[in-house]
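I have placed the structure first, in the form of structure tokens, so that the comments after it can refer back to it.
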Amino acid sequence: MKKLTLALLGSALLAFGSQASAADLSAGQAAFKKFNCASCHGADAKSPVMPAYPVLAGQHADYLEHALHAYKRGQSGAPDTANVRKNAIMGAMAMQLSDQDIKDIAAWLSSLPSSLATAK
Amino acid sequence: MKLRTNLTRTLSALAVMASCTAMGSAHAADAATAGDAKAAVNKTSMCIGCHGIEGYKSSFPEVYHVPKIAGQNAEYIVAALKEYASGARTFPTMEAIAKSLSEQDMANLAAYYSSLKN
């Protein structure tokens, strides 16, 4: 029993250790939860509540970052020439995110498996 | 009495849920133009120059990979194209392309790309 406990403790520590080394990804996962992204995009980020919402899992991280920044620009009234997205929901969501949040969330989403691929 | 109140509450909650579900599906049926993936084949020449090249990047105002669109939700592809056409999203290339597409073209392209799953 004692051995089992030790083994469990050991594997728990190992799991924690590997999570901590991938700092961006775990911070991104935490931010995805904190900002309730799953309530629209689904917990796996590929089963959105509405089909008009995108699959985010497996998307390019830098594109996801770009999109979130574009929502921010749109919400803060940047001119149309600045490459903006005007969307009441995503604009309000993106405004709450720091640049670091955006980086972390995008990196985590990009690491998830999905059906997305570069088009042929 | 307490049981009855609970029952009434449960029933009314169920009724609200049922009506939401009914409204949701009616709305989806209204909004969607049925897409024909085969009909999109003559239009994808506009897309593949960026979205068909592995690692292709766009450059304004950040440098970033153009999005993966194969396997994306069809309804989302249509929604995004409509936002580019209306100016809700601004990006010169996608605006020009989206404005050149009819609603049927958008539905066809969306059906085509959503069918190309990884």
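Note that the protein sequences, when read in sequence, are chains F and X. 237 is the number of the first residue of the first sequence in the working numbering; add one for each residue after it. 20 is the number of the first residue of the second sequence in the working numbering; add one for each residue after it. Each residue gets a CB set at the ideal place from its N, CA and C atoms; glycine is no exception. Remember, it's a predicted structure, so these values are computed and weren't measured experimentally.
Cβ-based contacts, 7 angstroms cut-off: residues of the segment 53-66 of chain X near chain F: Cβ contacts with chain F come from Cys-66.
Strand pairing of Lys-76(X), partner residues [DSSP]: Looking at the DSSP assignment, Lys-76(X) forms a beta bridge with His-84(X).
Segment limits, alpha helix (DSSP H) that includes Arg-309(F): In the DSSP assignment, Arg-309(F) falls within the unbroken alpha helix (DSSP H) covering 297-311.
Within 7 angstroms, strictly: CB atoms of Ala-104(X) and Ala-130(X): It is not a contact, given that the beta carbons lie outside the stated cut-off.
As assigned by DSSP and simplified to three states, the class of Ala-328(F): Judged by DSSP in its simplified three-state form, Ala-328(F) adopts helix.
Nearest-angstrom Cβ-Cβ length linking Ser-351(F) and Gly-90(X), presumed shorter than 8 angstroms: Confirmed, about 4 angstroms.
Endpoints, the alpha helix (DSSP H) within which Asp-316(F) is located: Taken as a continuous stretch (DSSP letters only), Asp-316(F) belongs to no alpha helix (DSSP H), as it is neither H nor E.
Pairwise C-alpha distance: Ser-262(F) and Ala-107(X): So the alpha carbons of these two residues sit roughly 33 angstroms apart.
Spatial distance of Pro-315(F) from Ala-56(X) (CA atoms): Cα to Cα, the separation comes out at about 36 angstroms.
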